[in-house]
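Residue numbers (the numbering used here): 387 to 660.
Don't be surprised by glycine CBs; every beta carbon is placed ideally from N, CA and C.
Predicted, not measured: the structure shown is a model, and the values here were computed from it.
Below is one structure, written out as structure tokens; comments come after it.
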Amino acid sequence: MTSTTLTLHSGKAGTKPRSGVLWWLSDVWEMTLRNIRHTLRSPELVSFSLLQPVMFILLFTYVFGGAINIGGGRYAQFLLPGIFVQMALYGSAAGTTIGIATEMREGLMDRFRSMPMSRSAVLVGRTVSEIFRNAVTVAVTVLIGLLVGFRFLGGFFPALGGMLLLLLFGYAVSWFGAFIGLSVPNAEAAQAAGAVWIFPFTLISSAFVPTSTMPGWLQAYAAHSPMTAAVNALRALFSGGPAGSYVLQTVAWSIGLIVVFAPLSVRKYASSSR
387 MTSTTLTLHS
397 GKAGTKPRSG
407 VLWWLSDVWE
417 MTLRNIRHTL
427 RSPELVSFSL
437 LQPVMFILLF
447 TYVFGGAINI
457 GGGRYAQFLL
467 PGIFVQMALY
477 GSAAGTTIGI
487 ATEMREGLMD
497 RFRSMPMSRS
507 AVLVGRTVSE
517 IFRNAVTVAV
527 TVLIGLLVGF
537 RFLGGFFPAL
547 GGMLLLLLFG
557 YAVSWFGAFI
567 GLSVPNAEAA
577 QAAGAVWIFP
587 FTLISSAFVP
597 TSTMPGWLQA
607 YAAHSPMTAA
617 VNALRALFSG
627 GPAGSYVLQT
637 VAWSIGLIVV
647 FAPLSVRKYA
657 SSSR
């Protein structure tokens, strides 16, 4: 942490957190900056985050794209919204899970807990910093998408709205990742727990293929998955289709995830010790 941070949070171990909204916002800001700096100082983490969307776009577009029937149109136009959401999930859920579990194992979270700072600010700062990483990843994904034929056909404001919706959904999922990271015993378990559910969650959706091509029993889940709602919302916003219902579903899922897992994560962090 920076010297400014240490000055702001100096005090005896176990000192009660300072009260007031401005103090809480100060704590959140310091923790957010701390996590962003940590990410920027980890070149291998940044490289992997940027390489992954490139790999998925090229593989699905040029290896699988010719064999997937989407009922007309370019597959890149169909694919990219799904890649956007998938990358937000990898960055938010897996990144938050592994990051928190690692810091819990190293005792850094115990150090934060001993400082006179808000318990919730530690986790809010972590999840807010994931928005920054997602924004960078999405920017790279958009650039590669444009090179393979993807276009924002719905106009500037629907495209902007879709990107903001994507960041909201990624932020909401990061709270689920935070809860998992606080629940597992070590970073190795976090790596498995943080990624194992993302594969079926992303594949059993409309991200890569139309849900109508799936068996009937699987369509029942895929059609109502939060992943499908988010992908369909982006697909409609970016291509100029009717997006209202899917946008509302995505916002509802996002709010629901935050309302459930943010309090659970803060409570678990405040009571846990390793």
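For the options Gly626, Ile641, Val528, the alpha carbon positioned closest to that of phenylalanine 536 is the one of Val528. For leucine 465, the enclosing alpha helix (DSSP H) covers residues 461-475. Contact between the region 625-634 and the region 643-650 is absent: fewer than three C-beta pairs spanning the two stretches fall below 8 Å. Where tryptophan 561 is concerned, the enclosing alpha helix (DSSP H) starts and stops at 542-569.
Leaving aside the five residues that flank serine 625 on each side, the residues in its chain whose CB is nearer than 8 Å to its CB run, in chain order, Gln463, Leu539, Gly540.
For methionine 613, the three-state secondary structure derived from DSSP is helix.
A buried status is given to asparagine 421, since no fewer than 16 other beta-carbon atoms sit within 10 Å of its beta-carbon. DSSP places arginine 420 in the uninterrupted alpha helix (DSSP H) bounded by 407-426. Counting only runs of at least 4 residues, the region 572-600 fully encloses the following alpha helix (DSSP H) elements, listed from N- to C-terminal order: 573-582, 584-589. By a beta-carbon distance limit of 8 Å, glycine 567 contacts alanine 487. Their separation comes to about 4 Å. Pairwise C-beta distances place the region 464-482 in contact with the region 609-628, as three or more of them are shorter than 8 Å. When secondary structure is reduced to three states using DSSP, glycine 481 falls in the helix class. Assigned with DSSP and collapsed to three states, leucine 539 falls in coil, not helix or strand. Membership of asparagine 520 in the alpha helix (DSSP H) is indicated by the continuous run 505-533. A distance below 8 Å separates the beta carbons of serine 591 and serine 611.
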